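The block underneath contains the structure these notes are about, expressed in structure tokens.
Residue numbers (our numbering): 4 to 443.
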């Protein structure tokens, strides 16, 4: 690596991130059915119809995984709790085995001096709630608040930080407008309501966790830089709209109590009646903000229905996901988020990493491309810090190769290679390089 720990402030936090459904093994421990199980069981939705039933079997192997984290010198572990593991039907009687599991998980982190950074929701909605409309149903804010009270009533006294919902854009737009993630809808009205209710649930759960006496509560948002395909006004407007519904919608809601005007031109007629009244809850104060960043998109206008644009192929080198490598975007988002939204509030890069076609050969995985990717993005973060951005931590996605949602187990984001037949873990060269950087 081209950086080392001593290049950063003494209290700067380095971590790695995962999510529950992607690694735990959802078939274990009495977890309930999720809309991802149903989505994956529908032909054509997921590569080879793969699901998270086994994942990386983290449910049984978490001690081994945490040993890898600790040995590499990481300070923190960003994990998520599964709503359907805690409440199999989304409401009602908790699953004691699920609560006990997260108890063991947090204790095992603390035993290794890893800061537990919890996320309450990373996309695995209990199927029983999906059957009642899921994120389209306003009642989900209360359901989510009740879930927050149950899980954080159990582990909230020991976590270092907590955030309600990972990547609201994916929960709202990707899943209800583009249909790429569960529940797989392509419905503008469902999208508008889901995007608003995600923020209402976010604010409701922040209130609940404050009521439990918890501190260090934040929000985690995903970002993609939008680059116009050319210098025309139409291309600039198209990129601004992509930026509006992807990046600004959620931050505007949380920090400004409104939604972007260019987004309201399309979503406004479909938002719930009197939605503006909810901003009092949505704007619950936060202690920090997390940015998940991977890539940019090049946007071209078209003559189709709103939002009337296309993503077009860009010229930059790409990851295994086909995503352009654009570290400038991380710098730009850190600067813009501070300047326009968060001010002195601590920021964290809560996800950054790349999928690479990693091959295990003779017990080794040479992932030089990932080392280069991480170096470029850490350098972009350092530049922002040097210019006054209060960046307090950086977390790599991901610790382990895992279930990459609609792409099944094909795309490998991990610092640690997982053989999905044997479930053997093999640290990659990127893991070894980070270990040297973090322990020097």
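Glycine included, C-beta positions come from ideal geometry on N, C-alpha and C. Bear in mind the structure is a predicted one, so any value in this text is a computation, not a measurement.
Check	Outcome
Whether residue 458 touches residue 147 by CB criterion (8 Å)	Residue coverage of the chain in this structure runs from 4 to 443, which leaves residue 458 outside it and unanswerable.
Best match in 14, 434, 346 for proximity to residue 392 [C-alpha to C-alpha]	346
Residue 300, DSSP secondary structure in three states	strand
Anticipated Cβ contact below 8 Å, residue 418 with residue 402, distance rounded	6 Å
Proximal residues to residue 384 (C-beta, below 7 Å), its chain only, five neighbours per side dropped	333, 337, 352, 394, 397
Residue of 39, 59, 47, 13 minimising C-alpha distance to residue 424	59
Alpha-carbon to alpha-carbon, residue 33 and residue 339	44 Å
Rounded Cβ spacing between residue 86 and residue 124 (contact assumed at less than 8 Å)	6 Å
Spatial distance of residue 327 from residue 357 (CA atoms)	10 Å
Member of 105, 137, 121 whose CA lies at the smallest distance from the CA of residue 92	137
Touching by the beta-carbon criterion (3+ pairs, under 8 Å), the segment 184–191 and the segment 239–255	no
Nonlocal neighbours in the same chain, by C-beta distance under 8 Å from residue 379, ignoring five residues either side	328, 330
Cβ-based burial, residue 287 [other Cβ within 10 Å; buried from 16]	buried
Identity of the residue in 442, 354, 432 nearest residue 21 by Cα	354
Beta-carbon spacing of residue 196, residue 263 below 8 Å	no
Between the CA atoms of residue 306 and residue 458 - distance to the nearest angstrom	A query on residue 458 cannot be resolved here, the shown segment of the chain reaching from 4 to 443 and no further.
Extent of the continuous alpha helix (DSSP H) to which residue 326 belongs	Element bounds for residue 326: n/a, residue is neither H nor E.
Residue 7, buried or exposed, once every other Cβ within 10 Å from all chains shown has been counted against 16	exposed
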